[in-house]
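The next block holds one structure in the form of C-alpha cells; read it before the comments.
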Amino acid sequence: MLKTARLLTATALSVAVIVPLAQAGDEWDVKVDLQGSYGDYAKSTEREDLWSAGLIVTADYLDNVGFTVGYNKTEVNYTPGTPKLTQDALFASVRFHDTPDLLPGRLTYRLDGHLIENDDPTGNTDEGRILAPQIAYLAFDKSLYLDLGYAHSSYAGDLTLTQWTPTLGIGLNQGNDWLQLRGYLIHSSNASRTQGKEDTSAVEAKLTHYFGSDAPLGIDRLQATLLGGQRMYAVDGDAGAVYNLADIQKGSLSLGGTWDLDDSWSVLLVGGLEKYENQDISDEYDNRYLYFDVNRKW
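Residues 271 to 568 (my numbering) make up the sequence shown, in order.
Here you go:
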C-alpha cells in the first residue's frame, strides 16, 4: 500500500502542476488523455481477463521542450483459486527539440522513465524500473522519420533487460498515409527468468491513413498495426507502456480509428488480438482486447 500511495501522490502532484499551464497563454500546449482497456484471455489455462485505466497529461512549451506524466492501474483475473494481480504504473517523459542548420528537419532528444509495482506472488514482474532514452529525426515536410531508442529494465530479484528499437517512418500517397516500421531487439540477463531465452526480436509495422471530409463513419484517422516475431518485457515508447507480462509475446494485430470531435476533443477506439506462450507450462493463448482514449487539448 505504501508503494502505491507514493505512485499516486507523485502523479497527483505532477497533474496539479501541469494542468494550470493550460491557462498560461499561447506558450503552452496541454493535452489530457483518459484511457481504459479490457482484455479477454482465450484458451489460457491460468488467466481469465484484465482491465486497466489510466490518465496521461502532456505539456509542450513553444515547440521547444515538453514533458508527460501518466498513471495506469491494471488488474488481471486468474482462474478460480488464484488471487488476482493488481498493478500500479507511473510514467514520466521529458523531451527537447533542436533544428540544426545542417539538417532539413528537427531532432528530438527524449528520456522516459517507468516505475511498476504489483503484488505478483512470483516476483517475476514486480518492482519494474525502466529508463529509456531516444533520439529522433523528423523532416520538416514530414516525409521521413528516424529514431533510435534504448531501454534498460530491471525487475525484482536478478533480472535486467536491454532493448534497442530502431525506427523508420515514411509519408506516402501525398501525405495521406504514414508507414512506420520498428524493430525490437531485447536481451535478458537471466534466461531462467525469461523461459530459457536470452534474446528475442520482433518487427512492428503501423500504417495510418488520414481521411478527408468524406471519411466513412466520420473517422479522421485509421491505423492498422501488425507485430511479427517474439518479444518479452517490451517497452513501447509510442504508448508509454511496458509489456511486463512474463510470457513470450508471439505477435499481434490491431485496428483503430480516431474521431476528432472538434478542435479540442478527440476519441480513439482500438480492437486487437495478441498471441502469447508460456513455454514452462506449454500454455498458448490469445488476448482479445478493446482500448479507448478520450483526450482534451488546450
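Glycine included, C-beta positions come from ideal geometry on N, C-alpha and C. These figures come from a predicted structure and were not determined experimentally.
Closest Cα partner of residue i within the set the options
i	options	result
Gln500	Gly482, Lys467, Thr478	Lys467
Asp530	Thr432, Gly482, Leu355	Gly482
Gly542	Gly526, Glu554, Gln433, Thr395	Gly526
Gly336	Lys567, Asn394, Thr378	Thr378
Gly510	Asp303, Asp299, Glu297, Asp296	Asp303
Asp368	Leu408, Asp396, Gly383	Leu408
Short Cβ contact (8 Å threshold) for residue i with residue j
i	j	result
Lys412	Gly441	yes
Ala359	Asn334	no
Ser363	Leu381	yes
Leu449	Thr437	no
Ile326	Gly340	yes
Ala406	Ala421	no
Leu320	Thr344	yes
Tyr415	Gly439	yes
Thr338	Thr328	yes
Gly419	Thr430	no
Asp447	Thr478	yes
C-alpha distance - residue i paired with residue j, whole-angstrom precision
i	j	result
Leu523	Val473	12 Å
Asp533	Thr392	47 Å
Ser314	Gly351	15 Å
Asp310	Thr495	19 Å
Gln549	Gln465	6 Å
Lys545	Tyr308	16 Å
Ser459	Gln519	18 Å
Trp298	Gly383	23 Å
Gly507	Gln357	19 Å
Gly445	Ala426	45 Å
Counted within 10 angstroms of its Cβ, other Cβ atoms place residue i as buried (16 or more) or exposed
i	result
Tyr503	buried
Ser552	exposed
Met271	In this prediction, Met271 scores a pLDDT of 46, lower than 50, which makes its location untrustworthy; no coordinate-derived value is stated.
Thr432	exposed
Glu387	buried
Asp417	buried
Asp396	buried
Asp296	exposed
CB-CB length for residue i against residue j, believed under 8 Å
i	j	result
Arg463	Ser424	The pair is not a contact, with the Cβ atoms about 11 Å apart (cut-off 8 Å).
Leu355	Val346	4 Å
Pro374	Phe410	6 Å
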